[in-house]
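Those letters in the sequence shown? Residues 30 to 153, per this note's numbering, in order.
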Amino acid sequence: PDIANDFNKPPASTNWVNTAFMLTFSIGTAVYGKLSDQLGIKRLLLFGIIINCFGSVIGFVGHSFFSLLIMARFIQGAGAAAFPALVMVVVARYIPKENRGKAFGLIGSIVAMGEGVGPAIGGM
30 PDIANDFNKP PASTNWVNTA FMLTFSIGTA VYGKLSDQLG IKRLLLFGII INCFGSVIGF
90 VGHSFFSLLI MARFIQGAGA AAFPALVMVV VARYIPKENR GKAFGLIGSI VAMGEGVGPA
150 IGGM
């Protein structure tokens with residue numbers, strides 16, 4: 030509701046703030062995993078960080094313009110997709126088979142804890 034009020038847009042339009050991110054995030058996750066074979070994990074992680082930061086800067090600078098905010102969210106999603114995809118690739122490539130279950134379980138637990146504790150710490 031706050032975004033709809035701030036931009037004087039109907040709530041259905043403001044759903045694009047989240048949808049734009051999730052579209053490129055979901056597609057990008059598959060793409061980064063595939064590209065890691067050709068380009069390497071380190072290069073793709075750096076690329077993802079740069080793209081995510083670039084999208085964040087666009088969103089910060091253009092926060093008064095709704096279409097620019099949507100574009101920034103598309104860009105952020107494309108950059109952020111690198112992290113979950115490539116973390117799984119790192120575990121699959123570098124963790125011994127007998128320890129992969131523990132590694133994936135630890136990653137899942139930390140993500141779940143972050144999603145649970147993050148909003149409380151962030152004040153939501």
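We treat Cβ as the ideally placed atom computed from N, Cα and C, and that holds for glycine.
Quick test of your reading: residue i and residue j, contact by CB under 8 Å. State the CB separation rounded to the nearest angstrom.
i      : j      : result
Pro113 : Thr58  : 6 Å
Phe36  : Phe95  : 5 Å
Gly108 : Gly84  : 6 Å
Ile70  : Val119 : 6 Å
Gly137 : Met51  : Between Met51 and Gly137 the Cβ distance is about 20 Å, and since that is not below 8 Å, they are no contact.
Tell me the rounded alpha-carbon separation between residue i and residue j.
i      : j      : result
Pro39  : Gly88  : 20 Å
Leu74  : Gln67  : 13 Å
Ala111 : Gly77  : 5 Å
Ile32  : Ala101 : 15 Å
Met117 : Phe103 : 23 Å
Ala49  : Ile99  : 6 Å
Asn47  : Ala41  : 11 Å
Gly62  : Ile56  : 11 Å
If you follow the alpha helix (DSSP H) that residue i is part of, which residue opens it and which one closes it?
i     : result
Asn37 : Segment: none, Asn37 is in no alpha helix (DSSP H) and carries neither H nor E.
Gly57 : 45–68
- alpha helix (DSSP H) runs wholly inside the stretch 73–133, at least 4 long, in chain order: The stretch 73–133 contains these whole alpha helix (DSSP H) runs: 95–109, 111–123.
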